[in-house]
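Enquirer:
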């Protein structure tokens with residue numbers, strides 16, 4: 001176990017180095033001209049301005065030089081300066097991280113609870129109408145393009161019915177709660193501000209549903225199949241034979257074993273959530289990392305897009321590591337091999 | 339795993355005609371095999387197959403269907419769905435139904451090209467890595483490890499932003515995202531199959547490595563790839579539309595599903611502009627997972 005952990009820990013920085021190099025190289029082979037993002041159109045003919053800007057952003061160095069400079073800064077946690085916001089990318093990302101975290105956590109809570117619930121229903125009433133309904137709801141969730149379902153649901157529930165608030169994290173003129181965690185729902189509760197909490201929740205609920213629905217599909221599918229497998233085991237027959245009610249058999253005996261394989265997809269779900277968050281944030285004008293990445297990609301702002309990709313990959317690696325280790329702890333039968 | 343492959347009739351049936359294993363006696367004809375397979379598929383998988391077929395035919399022949407020009411004025415702008423325009427008209431008075439159907443001419447060829455390229459590159463590298471082993475294996479697999487460490491959409495965004503917006507560049511980006519999956523699938527299969535007796539026999543018979551790999555090992559390795567490719571067809575359509583939605587794929591006048599939804603997002607109150615393309619994407623993705631599920635159950639591969 002310890003050896004496995006060590007191996008993974010050693011592999012992580014190497015993978016990160018590979019990732020950083022790939023991203024750096026990609027940003028260098030670009031056909032788009034980053035200068036156009038830095039210099040106004042009419043100044044382009046002024047060679048002095050162009051040379052100054054190039055020197056200022058290090059664009060006049062050779063490729064290996066830029067690589068070494070980039071890597072050296074990266075090790076110190078410096079992701080460079082965004083071309084469009086003119087602020088350090090790490091500052092930009094740190095400022096936007098809480099918004100994304102709030103959205104992803106809410107989506108994860110919704111996706112996992114609904115997925116486990118639907119999975120139990122589907123397995124308990126296998127091959128009935130309830131089973132099909134649960135599976136179809138789940139399947140549609142993981143097949144929907146979130147940038148479309150977000151749009152349609154926003155139109156129905158916000159514009160037509162007025163049940164939830166529109167895009168953004170809060171109404172236009174509302175002051176955010178004092179920043180403790182950066183999650184507006186949590187902060188407003190900590191400040192004891194109930195109306196503000198409800199407002200933040202009203203803004204959060206729809207994007208979290210849209211994003212979480214895509215997770216529901218994966219979780220439902222897995223819980224259903226692993227629960228069905230668990231229900232075929234001998235110890236389930238024993239439990240039934242001793243007279244345990246079906247609800248106890250399923251929730252107490254079978255589900256606990258069925259949940260173990262579900263742990264393995266947490267990392268995978270995380271990739272899904274990142275993809276979904278990028279698009280959901282764009283639709284809901286959610287000021288998180290995803291919408292930052294999209295505007296960076298649109299304006300060819302390399303330091304920003306490279307920074308986001310690095311942070312995303314790091315988070316993804318970490319999620320996978322946590323998944324594997326949790327799995328090993330939850331299921332002692334698993335043998336870990338590097 | 340080995341015992342799974344040993345009783346793998348469906349897979350061999352499905353694969354043999356394509357990869358021309360040596361002729362054997364009393365092999366059922368291709369038509370019979372296809373019919374048997376079709377009959378065994380669950381109805382959902384058949385529906386999925388029909389939907390995919392519809393979009394492929396649509397992509398190939400939509401210009402002969404007598405629809406209004408997807409790029410030209412077709413009446414008034416921003417009309418709600420009506421008998422004349424089943425899905426309404428958009429901000430430039432173009433017929434949304436016609437644009438949705440023409441959208442298949444982008445999504446279907448892209449998905450086919452991306453999946454085919456990813457399968458070709460991934461399978462080749464995976465097969466070589468699995469068969470040759472050693473440092474080549476290490477090199478290929480480290481490249482796989484690094485590539486799959488990226489969240490797919492961020493990698494695709496970075497690559498297409500670096501290469502510049504456009505459908506070809508977005509497709510290249512998606513091939514880069516998808517090849518490692520096929521490298522892993524093929525490598526795992528090759529590692530299993532190469533230990534089997536018929537391979538040993540072929541080697542003993544003096545067949546060269548290339549011949550052993552292509553004629554004796556790889557023909558038995560395609561089942562997981564086939565199932566995965568079916569599912570990925572939908573996933574590629576989805577990611578391509580996402581990239582276009584962000585503005586990194588197709589560019590505005592073209593009726594691509596993602597960029598149509600992006601136009602719909604800017605004309606938010608005219609919901610019908612985005613409705614058609616969204617339903618189109620949903621239908622393709624659902625159809626692919628139905629068909630992929632059916633094939634997986636039928637071909638009995640390990641992951642369930």
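Chains as they are written, first to last, in my numbering: chain A, 1 to 338; chain G, 339 to 642.
Quick reminder that beta carbons are idealized off the backbone N, C-alpha and C, glycines included.
(1) What are the boundary residues of the alpha helix (DSSP H) that includes residue 70/A?
(2) In chain A, which residues lie with their C-beta within 9 Å of the C-beta of residue 427/G?
(3) Just curious, the alpha helix (DSSP H) that residue 606/G is in, first and last residue?
(4) Under 6 Å Cβ to Cβ from residue 261/A, same chain only, skipping five residues before and after it: list those, please.
(5) Which partner residues does residue 88/A have in the DSSP bridge list?
(6) So, does the CB of residue 474/G fall closer than 7 Å to a CB anywhere in chain A?
(7) In its own chain, which residues sit with a C-beta less than 6 Å from the C-beta of residue 386/G, not counting the 5 before and 5 after it?
(8) Strictly under 7 Å for the Cβ-Cβ distance: is residue 585/G near chain A by that measure?
(9) Expressed to the nearest angstrom, what Euclidean distance is found between the alpha-carbon atoms of residue 18/A and residue 320/A?
(10) Is the region 494-503 of chain G touching the region 431-440 of chain G, taking contact as three or more C-beta pairs under 8 Å?
(11) Check whether the region 213-231 of chain A touches the region 264-275 of chain A, counting contact only when three or more Cβ pairs, one atom from each stretch, lie closer than 8 Å.
(12) Quick one: any contact between the region 83-102 of chain A and the region 302-322 of chain A, if contact means 3 or more CB pairs under 8 Å?
(13) Using three-state DSSP, classify residue 433/G as helix, strand or coil.
(14) CB residue 224/A to CB residue 123/A, shorter than 7 Å?
(15) Using 10 angstroms around the beta-carbon of residue 512/G, count the other beta-carbons present and answer buried if the total reaches 16, otherwise exposed.
(16) Using C-beta distances below 6 Å, list every residue in its chain close to residue 274/A, excluding the 5 sequence neighbours before and after it, in chain order.
(17) Alpha helix (DSSP H) containing residue 525/G: first to last residue?
(18) Per DSSP, which residues does residue 427/G bridge with? Please list them.
(19) What runs of the beta strand (DSSP E), each 3 residues or longer, lie entirely inside the region 535-607 of chain G?
(20) Less than 8 Å between the CB atoms is what I'm expecting for residue 103/A and residue 207/A, so what's the real figure, rounded?
(21) DSSP state of residue 228/A, grouped into three classes?
(22) Taking 8 Å as the limit between beta carbons, can you name the residues of its chain near residue 78/A, skipping five residues before and five after?
(23) When the Cα of residue 211/A is compared with those of 28/A, 82/A, 112/A and 331/A, which residue comes out closest?
(24) For a contact meaning CB atoms closer than 8 Å, what does residue 159/A contact in chain G?
(25) Count the other C-beta atoms from every protein chain shown that fall within 10 angstroms of the C-beta of residue 128/A, then say buried if there are 16 or more, exposed otherwise.
(26) From residue 203/A to residue 86/A, what does the alpha carbon distance come to, in whole angstroms?
(27) Helix, strand or coil: how does DSSP classify residue 195/A here?
(28) Roughly how many whole angstroms lie between the Cα atoms of residue 186/A and residue 411/G?
(29) Using a cut-off of 8 Å between C-beta atoms, extract the partners of residue 458/G located in chain B.
(30) What's the C-alpha gap between residue 64/A and residue 23/A?
(31) Cβ closer than 7 Å: which chain G residues qualify as neighbours of residue 287/A?
(32) Between the region 478-486 of chain G and the region 512-530 of chain G, do at least 3 Cβ pairs fall closer than 8 Å?
(33) Check whether the region 523-531 of chain G touches the region 602-620 of chain G, taking contact to mean three or more Cβ pairs, one atom from each stretch, closer than 8 Å.
(34) My guess is that residue 101/A and residue 201/A are in contact by the Cβ rule of under 8 Å, so how many angstroms apart are they, rounded?
(35) Between which residues of its own chain and residue 423/G is the CB-CB distance below 6 Å, once the five residues before and five after are set aside?
(36) Could you confirm whether any beta carbon from chain G is found closer than 7 Å to the beta carbon of residue 111/A?
Expert: For this structure:
(1) Within the first chain, residue 70/A is the residue found at index 70, counting from 1. 63-75 is the span of the alpha helix (DSSP H), which, as asked, contains residue 70/A.
(2) Here the question's residue 427/G lines up with position 89 in the second chain. Under the 9 Å cutoff, chain A gives no residues; its nearest Cβ is about 18 Å from residue 427/G.
(3) On the second chain, position 268 is the one that residue 606/G refers to. Unbroken run through residue 606/G: none, as it is neither H nor E.
(4) Reading the first chain from its first residue, position 261 is the one you call residue 261/A. Cβ neighbours of residue 261/A beyond the five flanking positions: 226.
(5) As a first step, residue 88/A is located in the first chain; it is residue number 88 there, counting from the start. In DSSP, residue 88/A forms a bridge with 81/A.
(6) Locating residue 474/G in the second chain gives position 136, counting from the first residue. Answer no: the Cβ-Cβ gap between residue 474/G and chain A never drops below 7 Å.
(7) In the second chain, residue 386/G corresponds to position 48, counting from 1. The beta carbon of residue 386/G is closer than 6 Å to those of 625, 628 and 629 in its chain, skipping five residues each way along the sequence.
(8) Taking the second chain and counting its residues from 1, one reaches residue 585/G at position 247. Closer than 7 Å: yes.
(9) Reading the first chain from its first residue, position 18 is the one you call residue 18/A. Reading the first chain from its first residue, position 320 is the one you call residue 320/A. Cα to Cα, residue 18/A sits roughly 17 Å from residue 320/A.
(10) no
(11) Touching, yes, given that three or more Cβ pairs across the two stretches are closer than 8 Å.
(12) yes
(13) Position 95 of the second chain, counted from the first residue, corresponds to residue 433/G. Collapsing the DSSP output to three states places residue 433/G in a strand.
(14) For the purposes of this step, residue 224/A is taken as the residue at position 224 of the first chain. For the purposes of this step, residue 123/A is taken as the residue at position 123 of the first chain. Going by C-beta atoms, residue 224/A is nearer than 7 Å to residue 123/A.
(15) As a first step, residue 512/G is located in the second chain; it is residue number 174 there, counting from the start. Buried, since its Cβ has 16 or more Cβ neighbours within 10 Å.
(16) Within the first chain, the letter at position 274 stands for residue 274/A. So the list reads 312, once near-sequence residues are dropped.
(17) Along the second chain, read from residue 1 onward, the residue named residue 525/G stands at position 187. Here the alpha helix (DSSP H) through residue 525/G covers 505-531.
(18) For the purposes of this step, residue 427/G is identified with residue 89 of the second chain, where counting begins at 1. Per the DSSP secondary-structure output, residue 427/G pairs in a beta bridge with 433/G.
(19) Along the region 535-607 of chain G, the beta strand (DSSP E) does not occur as any fully enclosed run of 3 or more residues.
(20) Against the first chain, residue 103/A aligns to sequence position 103. Against the first chain, residue 207/A aligns to sequence position 207. That pair is a contact at about 6 Å.
(21) Residue mapping note: residue 228/A aligns to position 228 of the first chain, counting from 1. DSSP places residue 228/A in helix when its eight states are reduced to three.
(22) Within the first chain, numbered from 1, the residue matching residue 78/A stands at position 78. Closer than 8 Å at Cβ, skipping near neighbours: 88 and 90.
(23) The residue you call residue 211/A lines up with position 211 of the first chain. Comparing Cα-Cα distances from residue 211/A to each of 28/A, 82/A, 112/A and 331/A, the minimum goes to 112/A.
(24) Locating residue 159/A in the first chain gives position 159, counting from the first residue. The answer, in chain order, is 606 and 607.
(25) For the purposes of this step, residue 128/A is taken as residue 128 along the first chain, with counting starting at 1. That one is exposed.
(26) Stepping through the first chain from its first residue, residue 203/A is reached at position 203. Stepping through the first chain from its first residue, residue 86/A is reached at position 86. Each residue's alpha carbon lies about 29 Å from the other.
(27) Working through the first chain from its first residue, we reach residue 195/A at position 195. In this structure, residue 195/A counts as helix in the three-state DSSP scheme.
(28) Indexing the first chain from 1 puts residue 186/A at position 186. Indexing the second chain from 1 puts residue 411/G at position 73. Those two C-alpha atoms are separated by around 51 Å.
(29) The chain inventory of the structure shown lacks chain B, comprising the protein chains A and G.
(30) As a first step, residue 64/A is located in the first chain; it is residue number 64 there, counting from the start. As a first step, residue 23/A is located in the first chain; it is residue number 23 there, counting from the start. Spanning the two alpha carbons is a distance of roughly 14 Å.
(31) On the first chain, residue 287/A is found 287 positions in, with the first residue counted as 1. What residue 287/A touches in chain G: nothing, since even the nearest Cβ is about 17 Å away.
(32) yes
(33) Judged by Cβ distances under 8 Å, the region 523-531 of chain G makes no contact with the region 602-620 of chain G, as fewer than three pairs qualify.
(34) For this step, residue 101/A is matched to residue 101 along the first chain. For this step, residue 201/A is matched to residue 201 along the first chain. Not confirmed; about 16 Å, so no contact.
(35) On the second chain, position 85 is the one that residue 423/G refers to. Excluding residues within five positions, the ones whose Cβ falls inside 6 Å are 417 and 433.
(36) Position 111 of the first chain, counted from the first residue, corresponds to residue 111/A. Closer than 7 Å: no.
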